[in-house]
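This note's numbering puts the first residue of the sequence shown at 21, with every later residue one more than the last. Think of the CB as a built atom: it goes at the ideal place given N, C-alpha and C, for glycine as much as any other residue. Quick notes on the structure that follows.
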Amino acid sequence: MKFNLNFFETELYQIAKQPLALEEGRRAYVFLAQEHTAEELDFLAKVMQAVGLSLEQDVQVVPCPPKQSFQLQEKPLAPCFFFGLSTAVLGLRLELPLYQLVHYQDLQLLRGIALQKIALQKQHKLALWRALQDIFPSEK
């Protein structure tokens, strides 16, 4: 049987066989393209450190293969950030505004452009910084 893929309004994503189990106790989950660079991770570490989070201890980075969607084993309690990806990696058809936390079906979602582009563009850095300050207010 053949399918006419032009029939669908959006791109199709393959769903992984096993549900994605996110690590408990993390304060944030970051979904990145699978081919992210060490420079992007360094930038992400600095950004997270600026709001009091450790990339190794507080954040789980989830590399996402192209055109693949994950089914979550359990809904995460912490915010999910998508940099350079859409929420389609979680099987969600949502158009999220940039750098605004959106609550949807018990999920907290935030979308940004690719990290390497954010690092080069001051306006995007500032927008991300403001969003993260709202999500993780400093305890002074």
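- The alpha-carbon of Gln141 is positioned some 15 Å away from that of Glu59.
- If you look at Phe63, you'll find it in the alpha helix (DSSP H) that goes 58-70.
- Straight across, the Cα-Cα distance linking Gln128 with Pro86 is about 23 Å.
- According to the DSSP assignment, Gln120 belongs to no alpha helix (DSSP H), since it is labelled neither H nor E.
- Judged by DSSP secondary structure, Leu127 falls within the beta strand (DSSP E) whose first and last residues are 127-132.
- Under the three-state reduction of DSSP, Leu52 is assigned to strand.
- Per DSSP, Gln80 is one residue of the beta strand (DSSP E) stretching across 79-84.
- In terms of CA proximity to Leu152, Val71 leads the group Val71, Val81, Leu52, Gly45.
- Contact check for Arg47 against Val82 fails: the beta carbons are separated by 8 Å or more.
- According to the DSSP assignment, Lys142 belongs to the alpha helix (DSSP H) that extends over 142-155.
- Restricting attention to Leu61, Ser74, His56, the CA atom closest to the CA of Gly45 is found in Ser74.
- From the listed residues Leu61, Leu52, Val67, Gly111, the smallest Cα separation to His144 is found for Val67.
- Rounded to the nearest whole angstrom, the C-alpha separation of Cys84 and Ala53 is 5 Å.
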